[in-house]
Structures are given as C-alpha cells and as structure tokens.
Amino acid sequence: MKLRRSLVGLVAAAAALGAFSTVATAQSAYKAEYRLSLVLGPPTPWGQAGKMWAELVKERTQGRINIKLYPGVSLIQGDQTREFSALRQGVIDMAVGSTINWSPQVKELNLFSLPFLMPDYAAIDALTQGEVGRKIFATLDKAGVVPLAWGENGFRELTNSKRAIKSPSDLKGMKIRVVGSPIYSDMFSAMGANPTQMSWADAQPALASGAVDGQENPLFLFTVLKMQNVGQKFLTAWGYVADPLIFVVNKDIWSSWTAADQALVRQAAVDAGKQEIVLARKGLVEADKPLFKDIAAMGVTVTQLSPAEREAFVLVTRPVYEKWKTTVGADLVKAAEAAIVARKK
Ligand code: X2X
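Be aware that the sequence shown starts at 28, since it is given in our numbering, and climbs by one per residue.
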C-alpha cells in the first residue's frame with residue numbers, strides 16, 4: 028500500500044516535471060532575436076519589405092518574435108550568392124531575398140531572368156500569384172527553406188557612363204557589372220558587351236572608379252544612390268528581366284515556433300509583400316511614368332526603346348533563352364509562357 032502510494036506520487040511528480048519541461052522548451056526555443064538578411068536596406072523598397080515584416084511580426088506576436096535587419100547581406104560578408112546556403116544552414120534565420128541571388132542553388136529561379144519573358148507588371152503577377160509561383164514555392168520548400176510570400180525588386184534597366192544604348196551594337200565592348208547568376212554573363216556576352224560578375228558591395232566602388240562602364244538594376248536604386256554622380260549618364264528602359272523577392276524562414280527556426288505564431292509570421296509576410304510591391308512600382312505604373320522624368324531631370328539621357336528596337340535585343344538573346352530553358356525546366360518555362368499569354372492586363 029505504502030509502496031503503491033509512493034509510486035503514484037512518483038508518477039505524478041514525473042508527469043508534472045514533464046509538463047514543466049515541455050513549457051520550458053517551448054519558451055527557451057524562441058531566440059531573443061532573429062536575424063533577417065537583405066541585400067538592400069530601408070531607403071529602398073526591398074529594405075522596407077524587411078522593415079515592415081519585422082514591425083508587423085513584433086506587433087502581432089506581442090514581442091515574442093523580434094527580428095533584426097541585416098542589410099548589405101552582412102551576415103555573409105556581402106556575398107549575396109551565398110545567402111541561400113547560409114539560410115539553409117541556419118547562419119541566417121530569415122530573409123527577403125532576390126530570385127537572382129538564390130538561383131545558383133535553386134536553378135528554377137532563373138525563370139525570372141529569362142530575357143524578355145515578362146513584358147509588363149501583369150506578367151510578373153501572372154507568374155508569382157498563380158500556379159508557377161506555387162510550383163516555385165514547392166521547389167524552395169524541397170530545397171530546405173520555408174517560403175511565405177512574394178515581394179519585388181523590379182524590372183532591371185540598363186545604365187552606363189559612355190553612350191545612349193538603342194541597339195546591341197551600342198553595347199559592343201562595354202564593361203557591364205552583372206549579378207551572380209551565369210545567365211547574366213551569357214546575356215551580355217550575346218549582346219556583344221563585356222560582362223563582369225561581382226557582388227553589389229563591389230559594384231558600387233567599381234562604378235565610382237570607372238572600373239566598369241555600366242550596370243543594370245531597378246530604377247529606385249538609381250535615385251536612392253544618385254547614380255548620375257558616379258557617371259551613370261545614360262539609361263535605357265528595356266525591361267528585359269524583372270526580379271521578384273521572396274520572404275523565407277529557415278526550417279528549424281520555423282518549426283521552433285507555435286502554429287499560431289507561424290500563422291502570424293506568414294500573414295505578416297504576405298501583408299508586407301503586398302505593400303512593398305506598391306512601393307517598388309511607384310513612379311513606373313502611372314500613365315506618365317514620373318520616375319523617368321525625375322531621372323531625366325538629373326541630367327541623365329533616358330532612352331525608351333521602340334518595339335522594333337526592343338525586338339533586336341530579344342532576337343540576339345534568344346539563344347540564351349533557349350539554352351537556359353533546359354536548366355530552368357522546360358515544363359516550368361512552358362507553364363510560365365502560358366500564364367503570361369493568359370494574363371489579365
Ligand atoms: O546585386 C544587385 O544588383 C541587386 C541588389 O539587385 C541584387 O541583389 C539582385
């Protein structure tokens with residue numbers, strides 16, 4: 028009898044201890060701070076995406092989840108092409124990242140870099156907000172991160188310090204800084220330019236010193252950095268590729284959160300992404316595209332290509348499109364082309 032009672036007591040004590048330790052692990056599993064990686068900081072829409080996400084998460088989780096921004100991909104010493112691996116390994120907890128920077132590890136993400144695939148904003152939306160977007164999220168999930176929402180870096184336009192570019196021959200021999208996916212080297216080589224791949228951290232001094240003649244990036248970056256002051260006097264609006272952003276969380280971090288907190292973090296990413304896309308398109312979706320006027324007012328020669336001029340660039344980069352179609356996956360490219368044809372304009 029006595030033995031039995033003490034046994035019961037022991038079991039109860041063990042159960043209580045078990046319950047206590049479960050609560051303790053659930054709480055201690057939350058870190059004091061989560062590290063969010065970004066290439067560009069808060070003066071840009073991209074940086075705002077991170078800032079809005081962090082603020083919404085803090086507010087909605089009542090401070091249980093605190094996110095600190097690390098712009099300039101500073102957790103990986105500025106080497107943006109290593110961001111995806113670092114995320115997977117847990118060096119980075121979460122990120123708002125570019126499809127370009129992650130495409131060396133996730134080859135399907137090169138879809139958005141296929142030259143002249145997306146003719147307008149409706150085409151970007153047709154991909155990210157539809158079946159293609161869901162397929163890409165499934166691929167990212169398999170690749171080892173938790174994808175939550177889309178944002179936007181934007182259409183990438185060409186600037187340089189030498190001359191107005193209206194045709195591929197104007198690009199001949201020009202030294203152009205390109206991003207980390209080899210498809211960019213292929214495209215600029217096909218156009219007759221001399222592409223040189225470097226991180227954004229290295230690109231800025233290279234532009235300032237004249238080590239490179241030109242670069243391509245969304246236009247808000249031109250105005251934020253006042254690129255006319257580093258000699259970028261010519262701009263060609265050609266919209267050859269557009270770069271979406273993706274909000275993701277490391278898998279271990281994700282599974283350390285309660286289901287309720289996961290839902291809050293996911294919804295906050297969706298809400299921040301929607302707001303950020305509006306910011307990224309500001310000045311470019313209005314009928315008179317005021318951003319081009321602002322840039323022209325800075326003394327920059329703005330070249331808008333006619334449909335025929337644009338077609339010359341499409342033609343010369345077509346072999347690159349065909350080559351990379353296989354790398355991206357012919358089925359995914361086909362689905363993307365069909366979604367774009369069927370888009371609501
Ligand atoms: O490096 C670039 O050009 C940038 C900032 O646009 C990206 O990170 C893709």
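Backbone N, C-alpha and C fix where the C-beta goes; we use that ideal spot for every residue, glycine too.
Helix, strand or coil at residue i [DSSP, three-state]
i	result
Ile273	strand
Gln104	coil
Val360	helix
Lys371	coil
Leu144	coil
Thr263	strand
Leu332	coil
Gly241	strand
Trp129	helix
Met121	strand
Arg91	coil
Glu60	coil
Ala176	strand
Ile151	helix
Glu184	strand
Lys309	coil
Ile280	helix
Thr285	coil
Thr353	helix
Leu83	helix
Gln156	coil
Leu65	coil
Pro70	coil
Pro98	coil
Val205	strand
Val50	Per-residue confidence for Val50 stands at a pLDDT of 45, beneath the threshold of 50, marking its modelled position as unreliable; the derived number appears in the next sentence. Val50: helix per DSSP, three-state reduction.
Cβ distance (whole Å) where residue i is taken to contact residue j below 8 Å
i	j	result
Thr223	Val205	7 Å
Ser281	Val173	A small correction: the amino acid at residue 281 is Trp; Ser does not occupy that position in the sequence shown. Confirmed, Cβ separation roughly 5 Å.
Leu96	Lys78	7 Å
Ser196	Gly219	7 Å
Glu184	Leu246	6 Å
Gly300	Ala153	No, Gly300 and Ala153 are not in contact; Cβ-Cβ is about 16 Å, not under 8 Å.
Ala365	Phe274	Rounded, the Cβ-Cβ distance is 26 Å, inconsistent with contact.
Arg91	Ala295	Between Ala295 and Arg91 the Cβ distance is about 13 Å, and since that is not below 8 Å, they are no contact.
Leu318	Gly310	3 Å
Leu291	Lys162	Wrong, their Cβ atoms sit about 26 Å apart, outside the cutoff.
Thr330	Ala230	No, Thr330 and Ala230 are not in contact; Cβ-Cβ is about 22 Å, not under 8 Å.
Leu262	Ile203	Incorrect: roughly 13 Å between the Cβ atoms, too far for contact.
Asn277	Leu167	About 12 Å separates the two Cβ atoms, so there is no contact after all.
Asp213	Lys350	7 Å
Asp298	Leu83	6 Å
Gly117	Asp279	6 Å
Residue j beta carbon less than 7 Å from that of residue i
i	j	result
Ala122	Ser64	yes
Ile210	Asn93	no
Gly241	Thr186	yes
Ser188	Gln259	yes
Phe182	Ala324	no
Tyr61	Asp106	no
Val251	Thr71	yes
Ala233	Thr328	no
Gln132	Phe111	yes
Val355	Glu135	yes
Asn221	Gly200	yes
Ser130	Ser208	yes
Ser373	Ala357	Not covered by the structure: residue 373. The range shown for the chain is 28 to 372.
Residue i Cβ short of 6 Å to the ligand X2X heavy atom set
i	result
Val347	no
Val257	no
Ile322	no
Ile1	Past the edges of the chain, shown from 28 to 372, lies residue 1, and the structure says nothing about it.
Ser125	yes
Asn187	no
Gln107	yes
Trp227	yes
Asn137	no
Asn128	yes
Val268	no
Val133	no
Val66	yes
Val206	yes
Asn93	no
Trp277	For the record, residue 277 in the displayed sequence is Asn; it is not Trp. No - the ligand X2X has no heavy atom lying nearer than 6 Å to the Cβ of Asn277.
Asn221	no
Heavy atom of the ligand PLP within 6 Å of residue i beta-carbon
i	result
Glu184	As presented, the structure is devoid of the ligand PLP, carrying the ligand X2X as its sole ligands.
For the segment 152-162 against the segment 94-110, are there 3 or more C-beta pairs whose distance is under 8 Å?
Touching, no.
Could you tell me whether the segment 340-357 touches the segment 138-148, where touching means 3 or more Cβ pairs closer than 8 Å?
Flag = yes, the segment 340-357 and the segment 138-148 touch.
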